[in-house]
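Chains as they are written, first to last, in the numbering used here: chain A, 86 to 373; chain B, 86 to 373.
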């Protein structure tokens, strides 16, 4: 639309980024939000409807123009390699390798330090949701290190989760660290009807980004027909998932002012916000 | 770019439109310029670089969502059918027919009342320019009609360029009309180095839209290397073509303020203007 980009999300951690979906204009939306494409190592495609993937060849070419030589990974439903190769008829010679990951049950992979899990959604064509986790190791436990006879010169690297060989013996991080602490989790689900797989995979998310195609509760049958969701349905999923925060996205073009319907979600889940172009949050490990 | 769409042009006449090129976001640029996609019957693609064609599947889908059932024609370099079909992996079932016209020497075809001629450009890949003409018939000549014994009831339809059969005899428009009058001509050339084919095909254009990738005359060798043009080169072509008006387009992303270099073109061709998003002109038949 003239005043709204297609739904897309960029997750960044420690200089690496993951992009979710890339419809027409997403690379401009990234520029408008002052985000760089260079750190994007992984692109997660939810499904092959044009509003989620048509901007991909342009983005890949922009990366090429910016001098990228590092490989990139593109994950998506079964067939993602064929679809992207077909779209790239206008980007035939990229100066970097593109690796593809096709969805399969229980798919889990890493992009830098972000652990990505995929789960099935229920839309008019095969579609997948993603959860993203940043793990956080336990605190350094001096007593435990001493009990395990870990030599002092190994402590620092063990704390950084490296294995250390010292004087012929191998030391592992678990010999100096306490129990794993809560990390950060973000879950992204669009386009879909509500399913139990969504709230199960979104469990304990710090941020749950979910489609809300329609705000008006009277449009339920329309939402069902189109395989989309109401704001209130997204809010119910957020409650079931015990999410900390819900962002709504992927509004119908007929929904000019999403804020007008936010109360339908707030009545069910009070930590709901409407997504908008360039909306950003900085998620930190909790103070523990 | 954040504040500039990719080069594209919409020509409209009598409720029918022709679109030239469709890069990423062109359908949004059309909306911003308050132009409709419904009247577009023909899309002329100059070449297969992404900035000229990547928005095509999205546009075709938007046409589909708007209920189009009439066929559409897509013209372009040799292979245009294969390229568009490949891009349309994400638009597999359009509810209207797509006909393709591949470039060949001397290609000339009609879209409603617009006569379209294609000519070769000189770029890094096969690329074609287009001229568009609206013909204008001669004035109605009463003396001529009488001399040719054309019956009065046939006059009106003959003036509308129809053939008329009346009392067993066929009457043709040339029996009542004077010599053909000057029509309207628009020529579009991007991406290319200057060539004689360009000014020959742009001859007597009311509007000549030409690429001006670089404004600074010192960038000539760079322009040559990239197979693009300077503002001053476009202006020289406009002089050779005896064009009435020149619009520059397809600026390099490095050229933030094209107006800063317009003098380089004005020195050569005083009727030069910088193109910008949404720039519009209403061309009328001359008062003759």
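Glycine included, C-beta positions come from ideal geometry on N, C-alpha and C.
Please read all numbers here as calculations on a predicted model, not as lab measurements.
- Under 7 Å Cβ to Cβ from residue 147 of chain B, same chain only, skipping five residues before and after it: list those, please. 112, 122
- Using a beta-carbon distance cut-off of less than 7 Å, what residues from the stretch 101-124 of chain B approach chain C? Considering every chain present, this structure includes no chain C. Its protein chains are A and B.
- Message: So, under 8 Å CB-CB, residue 349 of chain B and residue 317 of chain B are touching, yes? Tell me the CB distance rounded to an integer number of Å.
- Response: 5 Å
- Query: So, residue 129 of chain A versus residue 105 of chain A, is the Cβ gap smaller than 8 Å?
  - Reply: yes
- Proximity below 8 Å, CB of residue 141 of chain A to CB of residue 169 of chain A: yes
- Taking only beta carbons into account, state which residues of the stretch 167-188 of chain A come closer than 7 Å to chain B, listed in chain order. 168, 171, 172, 174, 175, 176
- In terms of residues, what are the limits of the beta strand (DSSP E) holding residue 196 of chain A? 193-196
- Proximity of residue 294 of chain B and residue 107 of chain B at Cβ, strictly below 8 Å: no
- Task: Name, in chain order, the residues that DSSP records as bridge partners for residue 262 of chain A.
- Result: A:225
- Message: In the DSSP assignment, the beta strand (DSSP E) including residue 184 of chain A goes from what residue to what residue?
- Response: 183-187
- Residue-chain proximity (residue 142 of chain A, chain B), Cβ-Cβ < 8 Å: yes
- Using a Cβ cut-off of 7 Å, pull out every chain A residue sitting near residue 139 of chain B, in sequence order please. 142, 143, 175
- Item | residue 283 of chain B versus B:329, B:257, B:216, residue with shortest Cα-Cα distance | B:216
- Which residues in the same chain have their Cβ closer than 6 Å to the Cβ of residue 109 of chain B, if we skip the five residues on either side of it in sequence? 139, 140
- Query: Does the beta carbon of residue 311 of chain B come closer than 8 Å to any beta carbon on chain A?
  - Reply: no
- Message: Do residue 225 of chain B and residue 262 of chain B count as a contact pair if the criterion is CB distance below 8 Å?
- Response: yes
- Query: Which same chain residues, not among the five before or five after residue 159 of chain A, have their C-beta less than 7 Å away from its C-beta?
  - Reply: 128, 130, 165, 169, 183, 185
- Task: Spatial neighbours of residue 100 of chain A within its chain, please: CB distance less than 7 Å, with the 5 preceding and 5 following residues excluded, ordered by chain position.
- Result: 124
- Task: Can you say whether residue 163 of chain B is buried or exposed, counting buried as having 16 or more other CB atoms within 10 angstroms of its CB?
- Result: exposed
- Rounded straight-line distance, which links the Cα of residue 210 of chain A to that of residue 323 of chain A: 24 Å
- Query: Counting only runs that start and end within the stretch 142-190 of chain A, where is the alpha helix (DSSP H) found for 4 or more residues in a row?
  - Reply: 165-172
- Message: Let me see if you follow: with CB-CB separation under 8 Å, is residue 304 of chain A close to chain B or not?
- Response: no
- When burial is assigned at 16 or more other CB atoms within 10 Å of the CB, is residue 198 of chain A buried or exposed? exposed
- Query: So, helix, strand or coil for residue 238 of chain A, using DSSP?
  - Reply: helix
- Query: Applying a beta-carbon distance threshold of less than 8 Å, which residues of chain A neighbour residue 87 of chain B?
  - Reply: 113, 116, 117
- Task: Report the option in B:96, B:102, B:115 whose CA atom is closest to the CA atom of residue 90 of chain B.
- Result: B:115
- Item | Terminal residues of the beta strand (DSSP E) in which residue 315 of chain A lies | Premise fails: residue 315 of chain A is in no beta strand (DSSP E) and is neither H nor E.
- Run through the stretch 259-306 of chain B for me and flag every whole beta strand (DSSP E) of 3 or more residues, listed as ranges in chain order. 266-274, 292-296
- What is the DSSP secondary structure of residue 103 of chain A, counted as helix, strand or coil? strand
- If you draw a straight line from the C-alpha of residue 126 of chain A to the C-alpha of residue 230 of chain A, how long is it? 36 Å
- Contact set between residue 146 of chain A and chain B, taken where Cβ atoms lie within less than 7 Å: 135
- Message: Between residue 222 of chain B and residue 258 of chain B, how many whole angstroms is the CB-CB distance? I'm expecting something under 8 Å.
- Response: 7 Å
- Close-in-space but distant-in-sequence residues of the same chain around residue 305 of chain A (CB under 7 Å, 5 per side omitted): 315
- Query: For residue 254 of chain A, which residues does DSSP report across the bridge?
  - Reply: A:251
- Query: Does the distance from the CB of residue 286 of chain B to the CB of residue 272 of chain B come in under 8 Å?
  - Reply: yes
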